[in-house]
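Notes to accompany the following structure.
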Amino acid sequence: SAVISQKPSRDICQRGTSLTIQCQVDSQVTMMFWYRQQPGQSLTLIATANQGSEATYESGFVIDKFPISRPNLTFSTLTVSNMSPEDSSIYLCSAGRNYEQYFGPGTRLTVT
Amino acid sequence: GEDVEQSLFLSVREGDSSVINCTYTDSSSTYLYWYKQEPGAGLQLLTYIFSNMDMKQDQRLTVLLNKKDKHLSLRIADTQTGDSAIYFCAESINSGGGADGLTFGKGTHLIIQP
Numbered sequence: 001s002a003v004i005s006q007k008p009s010r011d012i013c014q015r016g017t018s019l020t021i022q023c024q025v026d027s028q029v030t031m032m033f034w035y036r037q038q039p040g041q042s043l044t045l046i047a048t049a050n051q052g053s054e055a056t057y058e059s060g061f062v063i064d065k066f067p068i069s070r071p072n073l074t075f076s077t078l079t080v081s082n083m084s085p086e087d088s089s090i091y092l093c094s095a096g097r098n099y100e101q102y103f104g105p106g107t108r109l110t111v112t
Numbered sequence: 113g114e115d116v117e118q119s120l121f122l123s124v125r126e127g128d129s130s131v132i133n134c135t136y137t138d139s140s141s142t143y144l145y146w147y148k149q150e151p152g153a154g155l156q157l158l159t160y161i162f163s164n165m166d167m168k169q170d171q172r173l174t175v176l177l178n179k180k181d182k183h184l185s186l187r188i189a190d191t192q193t194g195d196s197a198i199y200f201c202a203e204s205i206n207s208g209g210g211a212d213g214l215t216f217g218k219g220t221h222l223i224i225q226p
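If you read the sequences in order, they're chains X and E.
Reading the first sequence from the start, the letters are residues 1 to 112 in the working numbering.
Reading the second sequence from the start, the letters are residues 113 to 226 in the working numbering.
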């Protein structure tokens, strides 16, 4: 399995500001992903974080709002830009290897 | 497009078996997954099954896949209070879970009655 950590675990931010979430995996993985889980809802894939190239975004998500970096095989960041209260959610990082996909503990974001 | 459907709630008595059902629409799904989420916690990978398999058993967990009907189930034998959680069904398409993101169902709340 892979152990995934995220920082920060939670934050309260003011609208109009940006927050960068970090994701660290304890070993090299093939793919890293970012998901959003809104209160009481399921998980929605935001994007695939590609190492050394631009992230691949799902429908409804754009790079200007959710810029993603992945400088190496074990680390990725997601920035939530120009936040509004609708961005209040749990943001989860996941990492895939050998058909198994593991999730970090999530970052609980509240935008006021 | 992909869509994964689950019942929202399932209530069972402690000691009985729980069967959580899931249907999916994308026939090209390669791997199907079950995750468990306890209150305030992250997602725990319980098990997964490759689309060319019919069944997979792991201790108290049994996964059944009916590819013709696009139906997946998770059976938990001898359900305990610690099994109380939300169970998410998810599918991966194309090349498999190591290379593609997952589409999740809305989750089934498993409620254990004493």
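By construction, the Cβ of each residue, glycine as well, lies at the ideal position given by its N, Cα and C atoms.
The Cβ atoms of Y143(E) and S204(E) sit closer than 8 Å to each other. Here the alpha carbons of S18(X) and M165(E) stand approximately 45 Å from one another. Annotation for G219(E): I198 and F200 place their beta carbon closer than 6 Å to its own, counting only its chain and skipping 5 residues before and after.
Residue state for T74(X) is assigned as coil, using DSSP reduced to three classes. In this structure, I68(X) sits away from S59(X), with a CB-CB distance that is not shorter than 8 Å. CA-CA distance, P85(X) to Y102(X), rounds to 28 Å. Excluding five sequence positions before and after Q225(E), the CB atoms of its chain that fall closer than 8 Å to its own CB belong to S123, V124, R125 and E126, given in chain order.
Your pair C13(X) and L109(X) checks out as a contact, with CB atoms roughly 7 Å apart and the cut at 8 Å. Distance from the CA of K182(E) to the CA of V25(X), rounded to the nearest whole angstrom, comes to 33 Å. Put simply, the backbone Cα of I223(E) is about 16 Å away from that of G152(E). At a cut-off of 8 Å between C-beta atoms, K218(E) counts as an interface residue with respect to chain X. For K7(X), the pairing in a beta bridge is given by DSSP as Q22(X).
Sequence-ordered contacts of the stretch 147-163 of chain E with chain X read G154, L155, L157 and Y160 [C-beta pairs closer than 7 Å]. Taking 8 Å as the cut-off, the Cβ atoms of R36(X) and N50(X) do not count as close. For the stretch 14-35 of chain X, the set of residues with a beta-carbon nearer than 7 Å to any beta-carbon of chain E comprises T30, M31 and F33, in chain order.
Comparing alpha carbon positions, the residue from Q41(X), A2(X), K7(X) and G16(X) closest to T30(X) is A2(X).
By the neighbour-count definition (other C-beta atoms within 10 Å, threshold 16), F216(E) is a buried residue.
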